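Q: Dumping the structure here so I can ask a few things about it.
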Amino acid sequence: LDGDRLRAIAAVTLLALAADETLLILKIVFLVLLYGFILLVVRSATKDIGGAPQESIILGAAEATALREELGVRSRPMRFRVLGGPGLRAGTKIDIGAATVIGRDDGIGIHLDGDEFASGQHARIESRADGVWVEDLGSTNGTFVNGERVTAQRLKAGDVVRVGQTELRLEA
Numbered sequence: 030l031d032g033d034r035l036r037a038i039a040a041v042t043l044l045a046l047a048a049d050e051t052l053l054i055l056k057i058v059f060l061v062l063l064y065g066f067i068l069l070v071v072r073s074a075t076k077d078i079g080g081a082p083q084e085s086i087i088l089g090a091a092e093a094t095a096l097r098e099e100l101g102v103r104s105r106p107m108r109f110r111v112l113g114g115p116g117l118r119a120g121t122k123i124d125i126g127a128a129t130v131i132g133r134d135d136g137i138g139i140h141l142d143g144d145e146f147a148s149g150q151h152a153r154i155e156s157r158a159d160g161v162w163v164e165d166l167g168s169t170n171g172t173f174v175n176g177e178r179v180t181a182q183r184l185k186a187g188d189v190v191r192v193g194q195t196e197l198r199l200e201a
């Protein structure tokens, strides 16, 4: 029995040593991966800090105006001037916010009280980065820009929007 016992102890000892070696190898692999990840993070952070060089240019007034028009950037906020209609007095100026709803419902942006051809929530006027947009909100009689029925359209200064019987001209 002593020989069998010694062989069993030797086998258990060899298994324990093999398990210890396997764990040691796994620890080393984990540390290598961890250091590799840290290296990638540091390299990425230092790369972002440098950034690309920024170029500066000076434009004349005419060039700056042309560039603003090309990019659709406004120096002043856009607004509507009421041309006519039963709900608003002609000549009234209406500033355009981020998003304004036009219609007959109470509590909306541009309230068209008395315009029977306008829906409750007729159209939305929205000032976006690329300009002012009008979007019909499923109205019965439609939304018109310069006499043409639209579902959604970017507006430019001078465009006339008709909602019901009310006409509004976009001014810069």
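Counting the sequence shown from 1 gives a position; the working numbering is that position plus 29.
Virtual Cβ for every residue (Gly too), placed ideally from N, Cα, C.
What you are looking at is a predicted structure, and each value in this text was computed from that prediction instead of being measured.
Can you list, in chain order, the residues of its chain whose CB lies under 6 Å from that of D142, leaving out five sequence neighbours each side?
A: Along the sequence shown, one-based indexing puts residue 142 at 113. The answer, listed in chain order, is G116.
Q: Any idea if G132 is buried or exposed, counting beta-carbon neighbours within 10 angstroms, 16 or more meaning buried?
A: As a working mapping, residue 132 is identified with position 103 in the sequence shown. Buried is the call here.
Q: Beta-carbon within less than 6 Å of G149's beta-carbon, same chain only, minus the 5 sequence neighbours each way: which residues are those?
A: To locate residue 149, count along the sequence shown from 1; it is residue 120. These residues qualify, in order along the chain: G132, R133, D134.
Q: Indicate the three-state DSSP secondary structure (helix, strand or coil) for T51 in the structure shown.
A: Residue 51 sits at position 22 when you count from the first residue of the sequence shown. Residue state, collapsed to three classes: helix.
Q: Closest to D124 by C-alpha separation, out of V190, I86, A201, A181, would be which residue?
A: Here residue 124 refers to the residue found at position 95 of the sequence shown. The option with the nearest alpha carbon to D124 is A201.
Q: From the DSSP output, which residues share a beta bridge with I197?
A: Numbered from 1 along the sequence shown, position 168 holds the residue referred to as residue 197. In the sequence as presented, Ile is not what sits at residue 197; that position holds Leu. According to DSSP, which records beta bridges pairwise, L197 is partnered with V111, V190.
Q: As a quick exercise: from Q194, F173, R108, pick the residue whose alpha carbon is nearest that of E155.
A: For the purposes of this step, residue 155 is taken as the residue at position 126 of the sequence shown. Nearest option by C-alpha distance: R108.
Q: Can you find at least 3 beta carbon pairs, one from the region 161-177 and one from the region 189-197, that sit closer than 8 Å?
A: Touching, per the Cβ criterion.
Q: Opposite K122 in the DSSP bridges: which residues?
A: For the purposes of this step, residue 122 is taken as residue 93 along the sequence shown, with counting starting at 1. According to DSSP, K122 bridges with R110.
Q: What is the residue span of the beta strand (DSSP E) that L184 lies within?
A: Locating residue 184 in the sequence shown gives position 155, where the first residue counts as 1. Start and end: 181-184.
Q: Taking the Cβ atom as the reference point for each residue, do T129 and G138 lie within a distance shorter than 8 Å?
A: Numbered from its first residue, the sequence shown carries residue 129 at position 100. Numbered from its first residue, the sequence shown carries residue 138 at position 109. In this structure, G138 lies closer than 8 Å to T129 by Cβ.
Q: Roughly how many angstroms separate the alpha carbons of I99 and F66, rounded to a whole number?
A: By 1-based counting over the sequence shown, the position of residue 99 is 70. By 1-based counting over the sequence shown, the position of residue 66 is 37. The question names Ile, but residue 99 is Glu in the sequence shown. Each residue's alpha carbon lies about 45 Å from the other.
Q: Would you decide whether R153 is buried or exposed? Buried here means 16 or more other CB atoms lie within 10 Å of its CB.
A: To locate residue 153, count along the sequence shown from 1; it is residue 124. With 16 or more other Cβ atoms within 10 Å, it is buried.
Q: Determine the direct distance from the alpha carbon of R72 to that of T42, and round the result to whole angstroms.
A: Within the sequence shown, residue 42 is the residue found at index 13, counting from 1. Within the sequence shown, residue 72 is the residue found at index 43, counting from 1. In a straight line, the C-alpha of T42 is about 45 Å away from that of R72.
Q: Please tell me whether A147 and E164 are closer than 8 Å, where the distance is taken between their beta carbons.
A: As a first step, residue 147 is located in the sequence shown; it is residue number 118 there, counting from the start. As a first step, residue 164 is located in the sequence shown; it is residue number 135 there, counting from the start. Cβ distance not < 8 Å, so A147 and E164 don't count as in contact.
Q: Please report the distance separating the alpha-carbon of L53 from that of Y64.
A: Taking the first residue of the sequence shown as position 1, residue 53 is located at position 24. Taking the first residue of the sequence shown as position 1, residue 64 is located at position 35. In a straight line, the C-alpha of L53 is about 17 Å away from that of Y64.
Q: If V161 and L197 are in contact, beta carbons under 8 Å, what's the gap, nearest whole angstrom?
A: As a working mapping, residue 161 is identified with position 132 in the sequence shown. As a working mapping, residue 197 is identified with position 168 in the sequence shown. With a Cβ gap of about 11 Å, V161 and L197 do not count as contacting.
Q: Counting along the chain, where does the alpha helix (DSSP H) carrying A152 start and finish?
A: Walking along the sequence shown from the start, residue 152 turns up at place 123. Segment 152-157 is the beta strand (DSSP E) holding A152; no alpha helix (DSSP H) there.
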